[in-house]
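Going down the list, the sequences are from chains S and U.
Under my numbering, the first residue of the first sequence carries the number 1371, and numbering increases by one thereafter.
Under my numbering, the first residue of the second sequence carries the number 1456, and numbering increases by one thereafter.
Where is the CB? At the ideal position from N, CA and C, for every residue including glycine.
Note that the structure is predicted; figures quoted are calculated from it, not measured.
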Amino acid sequence: MTDFSIIGKPTAMVDAAEKTTGAGKYTDDLCLPGMLVGKILHSPYPHARIKSIDTTRAERLDGVVAVAIGKDAPKTYGILPVGHDEYPLALDKVRYVGDNLACVAAISEGIAEKALELIDVDYEVLPAYFDPEQSMMAETNLIHDHKPNNLEKDYHHVFGNPDQGFAEADQIAEARFIANEVTHAAMEPHSTLASFEIDPHTGQPGRLTVWSSTQVPYYLQHKLSLVLEMPMQQIRVIKPLVGGGFGGKSEVIPLEIIAAVAARKARAPVKITYTREEVFWAHRGRPRTIIDLKTGVKNDGRITAVKARVVQDGGAYCSYGVVTILYSGALLGALYDIPNIQYDGYRVLTNKPACGAMRGHGTVNVRFAFESQLDELAARIGMDPAEIRLCNLLKPPCITVNGLRVQSYGLPECIEKTVNRSGWRERKGKRPRGRGLGIACSHYVSGAANSIIRSDMPHSTVNIKIDRDGGVVVYTGASEIGQGSDTMTAQIAAETLGCSLSRVRVIAADTDLTPIDIGSYSSRVTFMAGNATLRAAEEVKKLIAAAAARKMDCAIGDLQFRNDTVFRKNGHANQNESGGDSRPRLSGLAQRREDALQPTVSGHVEGQILRGSLQQKRKDEFPKNSMTFEEAVVAAIDFHGALTGTGSYAPPQDARGGKHKGAGVGPSPAYSYSAQVAEVSVDEDTGEVTVHKVWAAHDCGRALNPVSVEGQIIGSVWMGMGQALTEEMIWKDGMLMNPGLLEYRSPSSVESPAVEPIIVESLDPEGPFGAKECSEGSLAATIPAIANAIYDAVGVRLYESPFTPERVLAALRARKNAKPLNLTEGIDPTAPTRFREHGGSLCFKGKGPERHALDPARRETPGGSPK
Amino acid sequence: MSLPPFKVLRPRSIDEAVGYLEKHVANIRVLAGGTDLIPSMRQRLFSPEYVLDLSGVAAMRGVRPQSDGGVEIGSLTTLRVIENSGFLRQHYPVLAEAAATVASPVLRNMGTIGGNICLDTRCLWYNQSLTWRKGCGFCIKKDGDLCHVAPGGTKCWAAFSGDTPPALLCLNTEIEIAGPSGVRRIPLQDFYTGLGDSYRKLQANELVTRVFLPASSADYRGVYRKLRVRGSIDYPLAGVAVVMRHSSNGHSIGHIADVRIGITAVNPAPLLVKGATDLLAGKEMNDLLAEAAGDLAAKTAKPLTTSALTPEYRSEMIRVFTKRAVLAAAGMN
C-alpha cells in the first residue's frame, strides 16, 4: 500500500515549537534546589604518572563542598566490553592533555574554577607518543601496560583471492591517503546533572537520577552501575532535549560519570557542563587515518581486487576504536561488487584525546581514499567515472564476499539521478578551466546487526498505551537528538493506528519509564525502533479491531483504520474518508468538536467526563459502518480491559554476518546508498576551493518524513564539506592548537553550497514501511566527490584531507614545477608519506613547547624540557 | 569558563572616563564593543579589577563629515555603522570595505572602530584558556618567558589581526588620544610599536577617542582583500588594503598619481608597504607592475606560525592579494 495518510508527507518535528521558541529544556537549563556546579581539573601533560594529588587547599576554599579524585571511584569502564580502560578520574596516570584528574563541586562556577588552581598535583612526566606509526614501535612507557606496542587492536582479513585478483587486473593503482582528524562540533556542549536521593534506611546516598545530553541512556545507566557499584535499577537516566550528537554523545563521556561521583561525595546534586575546549578534549571524533590503498580493475571497468592497510590514530583510550577499525574494513564491501578484498587494520594508541564514533563511523576516510582511487583508475582506462561505478554494482539480494547481506539497493538509481540532474554527461570535462565536476558514492548501515554487548536481547522495545479519550502514548527508549526520532515514532504509531499525529505523545529515553533501546547510533533508530513501534502499534490495533469488528458486526479483516476513524472497507466510507487527504487528519477531531457542541442524551456537553452517557448514545447507534477512533478505543477498553501493546526488534540471524574474527561489525539488516556530484571551482593562484553545488541522491528505503530526509542529506553534505575543505584538529606535542569554534573551522552559512537533495526509495523488505537510514550514509560521498571535482577542475589529485588552500596550492605548484614553495612543511599533498606532528596547516619549526620557569616539571628536569 | 569578578564603571563623558582610568590605572581595562575583551577575560588573559564600560559616552560615537572634506569618526562607532555609512562608502571606500569583512554581522554590530584599532595582537599560543596555557608553560606575551613561535627569541611575534587599520594607514589616518594631561593627536602609523606584546603606544590611563580621515585621502579608489579560511567569522590570516588615485586625463584613467598599500595579520603591527608609491606612481598599471607590487608587499610581510595556515602560504598570499588588489584598484580585474 502506498497510500499513507501520515508517513511520506513532510511533517514538522514534534519538538520544533519547543526548540524554536526557546521553551525546550536542555540539560544545562535544568536546575535543582541545592545544586552545585562541578568543574574538572585536566592534565596539562600528554603522558605523566601521578605521584601525588593534594586537594586540601581546594577543599578549604569557601564555597567548595567536595573535591572528587580518582580514589573516589577506582573502577574502569569503557563503551566496549573489550575496552574498559578509562577511570572516571585518573588514578595513577594521565594519558593526554585534557585527561581528567579531579572534580570540584562548589556553589558557583567561579569558585569551582578558583579551587581548581588550588589542587596540587605532583607529576612524573613520561615520554609521549603522537605519531601512530611511531607509537606502534614503542616498547617502553606504554600508554596502557596491557597493550604492547601501543596497539589497541589489529585485524587482518582476506576475502576471496586478492593476489589472483591483482594478477587479473589490467590497471592497478596504489597510493597513500591521509585523512586528518575531525570532531563533531555539535552545537550543545555536553552537560550532565546528577542527583542522589537519600536512602531512608541508611541515610546514605541511595537512588541516583542523571539527566544527561546522551545518545545512549541505557549504556550510560549500565556504565554508571559498573563504576558506582550500584544495581542498574537504582539508577535512572533521563535524556532531556539534546542539541546534536553526531556520535560525540554515543558513549559514556567522562563528565557523565564524574558528575555522579562528585554528587555522591558532595551529597548534593552536581551539574557539569563542558566548555567548548573540554568538548574538544572529550572528543571521540574521527581519527586521523593513514590509508595505503591498492585497487585493481580490468579494462572493462570491473574491479578485480582491493587491498587496504589502515592505521588509525586512536588517541589514549579504546572508546569505540575496535569497532571503528572494523567498520573501515567491513564497509569496503556492500557498496560495489568486489570479489577479492584484503584488509589490514591497526588501531593505535597515542597520547591524545580518544577518538570514537562520528557520523559515518569508520567508513568515511576509507571511502575518501577508495572513491578517489576509483576515479583515478577510470581515467586510466578511459572510462567515465559514473560509468565505472555502474560497472561494479551488486546484484541483490546477495551476500557480499565479506559476509554482508544486501537486500534493497538503490545505488543504480542514485547514480542515474545525480548524473541526470547535474547534467553530468553534457557538462563533465567541458567546464571552463578551474571549474569541475566530480562524482562519488557511499553507503552506510541501518543499525548494527550486532549490539555492542553481544546477546539475543531485542535492540529496541516500544510500549504503547491508549486511554479512553483516544490519547496514544508511546514509550520508547530511542533517543531524540535532533535527528527526528520522536517524530518518526509518532508518525509510525499514527499511521499504523489510523489516528492523527496530534493524538500521539512520545515519552522517550527515560530508563525508569521506557523499555530498553540501545540508543541513537549507527543510524539504527528508524529501522529498529521504528520496527518496534510498528509492531507495538499493530498489537494495539489488533485489540481495537477485535472490539470494533464486534461492534460493527463484521470481520476484523474488513476494517480499515484511517483519519481517526475505523470503518468497513466495503461499507460506504464516511465522508471524511472519501475525501482522502483533502480533509485529512483532524477530521475526526473536528467531528468530535462538532459533537461536543450538541448536548448528549443526558443533557451534558461531551468533554466533561460523560463517558457513561456517551456510551449510551453510542449503544443506540450501533451497529454502523464506521466508528471514530475514540469510540473504537472505548469499545476496546470495555472489551479487553487495559489497552496496551508492546513491540520489539532484533535483527534477523541471517543479517548478522560471517564467522571470521571481527565479523560482528559491519553487518546490518539494511544499507542506505548515496551518490553525489559536486561542482567546484579552484582559484589557481590561491588554492582556494569553492563548492558551488552538490547534487546528492540518497536511497533511504522509504522517506517516512521527506523534509527530514532532505535535512539529513543537506546536513551530511555540509558536514562532509567541512571535513573536505576546512575542518582539522591541529596538534603540537599533544596540545590541541585549535580547541574552539573560532580556529576549528566548520563551514559557515557563507560557504554553504546549494545542495539538491534527491530522495531515492528502494523499499527495504524488512524496514518499517520499507524505510532505511538517511542520516549518515551521504556524508562519506561528499569528500571524494569534492576531491574528484578538484581533479576535474585543475588536474591535481589531493591525497590528504582537508583540502586547505595551502595544500591545493602546493599540489598545483608541485604539478607545474613552479617556483618551489614550502607551503605545507615539505609534505607534498599529492604524495603524503607521513603524519606531521600537526596536521600540516600549521608549521612549527621550533622545538615546541618548553615549560614555564615555575612549572613543576621544569624544576625537576632543570635545563630542558621534560621530554 | 566564567568571567573573573570585576567592577563595572560607566562614565558619561570622556573626562569622566579618563578620570576613572587615572584613578584605577594599574587595574582597569576598557570595554568598547567587548568582542575581544570578554572572551579574553574568560580565558584569563586579563583579570582587571575594574572594567570601564564606554557605552554611555555618546560623544565618542558617530561619523561626522568635516567642512574641508575630511571626516571625523568617534572611536565607539560600530563597524556596522562604518560599513553602511553612505559618506564613507563614497569617499573612503577602502575603509567601508575593510569594516565589512570583520568577523560576522553579529560581531560587527558590537565591535567598534576604536576597538579594531586597539585590537590585541593574536597568537595560537596566547589566545587560549588558562588551563591550555598551563600545558604549554605559558608564553612571553602572558605569564611566561619564552616564545613558542620563534623559540629562543625574546621578542613576541603575536600578529596584529585587525582588518580596518591597514585601510586606515593607507588613508593617512590620525587618531586622537585623551589622557590625564589632555588630548594629543598622532598619525596612526606611530601608534603601533611593531612588538607583539606591547603592541601600541597607549598608556593605561589613555583612551583613543577619535579617528580623523584627512580630506587629502578622500575619493581614492580603494580595495581590501582578506585571506581567511571561511567567508565569515574568521580573523584575517593575511590582509591587503590598497588606495589609489589616478592623474585626471580627460575621461579615461590615466597614470597612477598616488598609491599606498597596507598589510595586516602578517606582522605584529599593520604596516604600510614602503616603496609602493615609488614603484607605482607615475606609471600605468599592468600585470608586471602589479606583480612587482606583490613582491614588494610580500617582502614586508614576516608571518610566523601564530595562526592557521603556514607562514609561507600567508606570505605568498600577501603577494597574490596585493597583485589582485592593485589591479582591482586600477579598475583592471
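- The C-beta distance from S/A1652 to S/H1560 rounds to 6 Å, short enough to meet the 8 Å contact threshold.
- Counted as a single uninterrupted DSSP element, the beta strand (DSSP E) harbouring S/T1831 occupies residues S1830 to I1836.
- In this structure, S/D1492 is the residue among S/P1767, S/D1492, S/D1683 and S/L1563 with its C-alpha nearest to the C-alpha of S/T1425.
- Its Cα nearest to that of S/V1736, the residue S/T1694 stands out among S/G1726, S/I1623, S/T1694 and S/N1520.
- Spanning the alpha carbons of U/R1465 and S/H1412 requires a straight line of approximately 37 Å.
- Here the region 1650 to 1666 of chain S makes contact with the region 1616 to 1628 of chain S; the two share three or more CB pairs at distances below 8 Å.
- Residue environment for S/N1511: exposed (fewer than 16 other C-beta atoms within 10 angstroms of its C-beta).
- Within the same chain, and ignoring the five residues on either side of U/M1787 in sequence, the residues whose Cβ sits closer than 7 Å to its Cβ are M1740.
- Note on the region 2001 to 2062 of chain S: whole beta strand (DSSP E) runs with a minimum of 3 residues are 2013 to 2019 and 2041 to 2052, in chain order.
- For S/N2192, the chain U residues whose C-beta falls within less than 8 Å of its own C-beta are T1765 and E1767, listed in chain order.
- Taking a Cβ-Cβ threshold of 8 Å, none of the residues of chain S is close to U/C1578; the smallest such distance is about 11 Å.
- Cβ contact annotation for S/F2139 (same chain, cutoff 7 Å, sequence separation greater than five): I1377, R2072 and L2074, in chain order.
- According to the DSSP assignment, S/N1470 belongs to the beta strand (DSSP E) that extends over N1470 to A1476.
- In this structure, U/A1554 sits away from U/V1512, with a CB-CB distance that is not shorter than 7 Å.
- Along the length of the region 1439 to 1508 of chain S, whole beta strand (DSSP E) runs at least 3 residues long occupy 1470 to 1476 and 1490 to 1495, reported in chain order.
- One thing to note: U/A1752 has its Cβ within 7 Å of the Cβ of U/I1718.
- Per the coordinates, the alpha-carbon of S/L2111 lies some 36 Å from the alpha-carbon of S/H1829.
- For the set S/K1445, S/A1633, S/V1680 and S/G2036, the Cα lying nearest the Cα of S/Q1574 is the one of S/A1633.
- C-alpha of S/F1740 to C-alpha of S/R1679: approximately 12 Å in a straight line.
- Residue pairing of U/T1567 in beta bridges, as defined by DSSP: U/T1533.
- Between U/A1613 and U/Y1581, the alpha-carbon positions lie close to 8 Å from each other.
- If you look at S/E1621, you'll find it isn't in any beta strand (DSSP E); DSSP assigns it neither H nor E.
- Residues of the region 2035 to 2057 of chain S whose Cβ lies closer than 7 Å to any Cβ of chain U, in chain order: D2055 and T2056.
- Secondary structure of S/I1642 (DSSP, three-state): strand.
- Per DSSP, the beta-bridge partners of U/I1641 are U/I1630.
- Counted as a single uninterrupted DSSP element, the beta strand (DSSP E) harbouring S/V1680 occupies residues I1673 to D1683.
- Restricting attention to U/P1620, U/L1726, U/L1534 and U/C1594, the CA atom closest to the CA of U/G1608 is found in U/C1594.
- Chain order gives the chain S residues near U/S1584 as E1647, where near means a beta carbon separation below 7 Å.
- Look at S/E2176: its C-beta is under 7 Å from a C-beta on chain U.
- When CB distances to chain U are screened at a threshold of 9 Å, the residues of the region 2105 to 2138 of chain S falling below it are M2105, L2106, M2107, N2108, P2109, G2110, L2111, L2112, E2113, R2115, S2116, P2117, S2118, S2119, V2120 and E2121, in chain order.
- Per DSSP, S/Y1588 is not a residue of any beta strand (DSSP E); the alpha helix (DSSP H) it occupies stretches across P1587 to L1598.
- Take U/H1479, set aside five residues on each side of it, and the residues of its chain with a beta-carbon closer than 6 Å to its own are Y1505, in chain order.
- Remark: C-beta atoms of S/V2164 and S/A2067 do not approach each other more closely than 7 Å.
- By the neighbour-count criterion, in which 16 or more other beta carbons inside 10 Å mark a residue as buried, S/M1507 falls on the exposed side.
- A direct Cα-to-Cα measurement between S/A2180 and U/R1680 gives close to 21 Å.
- S/I1834 and S/G2015 do touch by the CB rule: their CB atoms are close to 5 Å apart, below 8 Å.
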